[in-house]
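Chains as they are written, first to last, in the numbering used here: chain Y, 1 to 122; chain W, 1001 to 1138.
Don't be surprised by glycine CBs; every beta carbon is placed ideally from N, CA and C.
Keep in mind it's a predicted model, so treat the numbers as computed, not measured.
Here's what the structure looks like:
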C-alpha cells in the first residue's frame, strides 16, 4: 500500500497513491487508519483522488475509519472522490454516512465534522 | 455489425493480488465489444466490480491459497456469462442477507452489489468443487 502523510492546519492528510482500493489492500488501510487514531491523530482527511476503483472491501475499510473516528470524537473526511467511486457510495447508500468534500481546502475550511450535505440543510 | 463472440478461460492462484488483473480484463472486454449501445465507462467499471467481488467472495471461502480458481467469461451476442470455479468449502448464497442501509457493518455488501448489477446469480456444487455463475443481457 502506497500512502503518504502530511499535517495541514491540525489535521492529518493521507494521500492514497493506489488506483484500486479492494480486498487486496483494504485490510492494510483499515489497520493503518486505526493505528494513526490510536497514536493520537484525531482529524483525518483521506485524499482518494488517485483511486479509480473501490469494491465492497474498500468501502468496509472506509466505514471502519468513519466509525473509529466517531468513537474517538475525531473526524474522518474524504476528498477527491472520483465519479465512479462516488457511484459506489450511492449504490450502497453510504453517501449520507461519509463526510465528502471536493478537495483538501474544502475539508479544512469546514472543520465541523458534520457531513457537508447536513450543513447545507441547516 | 459484427456479432460478439468471446470466450476467455483464466486460471489464477487463490490470492487477492490477482483481483486487479482479472478486473482489468473485464474492463478491457467492455471497451472491445463491437455493438454495445450503452455507456461503456459504466459497463467497464461494473464488469471490473462484478469480477472483483465474485473472486474476493470465492477466495474468502476457499480455505487454502494452494488451490486454483478458474474464471470463465463468455459473451455471445448480447449475453454475458461469468463463471468462477473453486475447489473450496463453498458458501450458502441464499443465506447471504441483503445489507441494511442503516447498519454500518463493514462486511456483507459484495453479493448485494453482484445481484444489483447482474440479471441472475447462482452458486452450486459441481463434480470438482463449486461454481458461482452470473449472467446479464448487455
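Span separating the alpha-carbon of residue i from that of residue j
i                       : j                       : result
residue 1050 of chain W : residue 1073 of chain W : 12 Å
residue 105 of chain Y  : residue 80 of chain Y   : 11 Å
residue 1053 of chain W : residue 1123 of chain W : 14 Å
residue 1056 of chain W : residue 1020 of chain W : 11 Å
residue 11 of chain Y   : residue 67 of chain Y   : 18 Å
residue 95 of chain Y   : residue 102 of chain Y  : 13 Å
residue 1111 of chain W : residue 1095 of chain W : 11 Å
residue 1136 of chain W : residue 1101 of chain W : 25 Å
residue 98 of chain Y   : residue 1040 of chain W : 28 Å
residue 109 of chain Y  : residue 27 of chain Y   : 30 Å
residue 1011 of chain W : residue 1062 of chain W : 15 Å
residue 1067 of chain W : residue 1033 of chain W : 32 Å
residue 1036 of chain W : residue 69 of chain Y   : 44 Å
residue 121 of chain Y  : residue 5 of chain Y    : Residue placement at residue 121 of chain Y is poorly supported in this model, since its pLDDT is 41, which falls under 50; the coordinates still yield a value, given next. Distance between the alpha carbons of residue 121 of chain Y and residue 5 of chain Y is about 32 Å.
residue 55 of chain Y   : residue 1006 of chain W : 26 Å
residue 1128 of chain W : residue 111 of chain Y  : 56 Å
residue 119 of chain Y  : residue 34 of chain Y   : Caution applies to residue 119 of chain Y, whose pLDDT of 44 falls short of 50 and renders its modelled position unreliable; the value that the coordinates give is listed next. Cα-Cα distance, rounded: 27 Å.
residue 9 of chain Y    : residue 78 of chain Y   : 16 Å
residue 82 of chain Y   : residue 88 of chain Y   : 10 Å
residue 1115 of chain W : residue 48 of chain Y   : 26 Å
residue 1058 of chain W : residue 1017 of chain W : 14 Å
residue 1026 of chain W : residue 92 of chain Y   : 22 Å
Backbone secondary structure at residue i - three-state DSSP
i                       : result
residue 71 of chain Y   : helix
residue 98 of chain Y   : coil
residue 1091 of chain W : coil
residue 1129 of chain W : strand
residue 1061 of chain W : helix
residue 81 of chain Y   : coil
residue 1124 of chain W : strand
residue 1080 of chain W : strand
residue 12 of chain Y   : strand
residue 1052 of chain W : helix
residue 1 of chain Y    : coil
residue 88 of chain Y   : helix
residue 1107 of chain W : coil
residue 1136 of chain W : strand
residue 1005 of chain W : strand
residue 109 of chain Y  : helix
residue 122 of chain Y  : Here residue 122 of chain Y scores only 38 on pLDDT, less than 50, and its place in the model should not be relied on; the value that follows carries that caveat. Residue 122 of chain Y: coil per DSSP, three-state reduction.
residue 7 of chain Y    : strand
Closest by C-alpha distance to residue i, when choosing among the options
i                       : options                           : result
residue 1130 of chain W : W/1119, W/1082 and W/1091         : W/1091
residue 46 of chain Y   : Y/53, Y/38 and Y/62               : Y/62
residue 1097 of chain W : W/1113, W/1039 and W/1127         : W/1113
residue 1060 of chain W : W/1003, W/1134 and W/1107         : W/1107
residue 25 of chain Y   : W/1024, W/1029 and W/1015         : W/1015
residue 40 of chain Y   : Y/72, Y/55 and Y/56               : Y/72
residue 1048 of chain W : W/1031, W/1023 and W/1036         : W/1023
residue 53 of chain Y   : Y/86, Y/31 and Y/35               : Y/86
residue 1 of chain Y    : Y/29, Y/13, Y/7 and Y/8           : Y/29
residue 42 of chain Y   : Y/74, Y/60 and Y/13               : Y/74
residue 1043 of chain W : Y/84, Y/3 and Y/60                : Y/84
residue 1086 of chain W : W/1076, W/1104 and W/1013         : W/1013
residue 1109 of chain W : Y/7, Y/60 and Y/32                : Y/60
residue 32 of chain Y   : Y/7, Y/3 and Y/107                : Y/3
residue 1217 of chain W : W/1003, W/1125, W/1115 and W/1017 : Given that chain W is displayed from residue 1001 to residue 1138, the structure contains no residue 1217 of chain W and the question cannot be resolved.
Short Cβ contact (9 Å threshold) for residue i with residue j
i                       : j                       : result
residue 58 of chain Y   : residue 22 of chain Y   : yes
residue 76 of chain Y   : residue 44 of chain Y   : yes
residue 50 of chain Y   : residue 90 of chain Y   : no
residue 1009 of chain W : residue 1071 of chain W : yes
residue 1134 of chain W : residue 1081 of chain W : yes
residue 1138 of chain W : residue 1121 of chain W : no
residue 1093 of chain W : residue 1046 of chain W : no
residue 1104 of chain W : residue 1075 of chain W : no
residue 13 of chain Y   : residue 36 of chain Y   : no
Requested in this report: Using a Cβ-Cβ cut-off of less than 7 Å, list which residues of the region 1098 to 1123 of chain W approach chain C; keep chain order.
Outcome: The displayed structure is made up of protein chains Y and W, and chain C is not among them.
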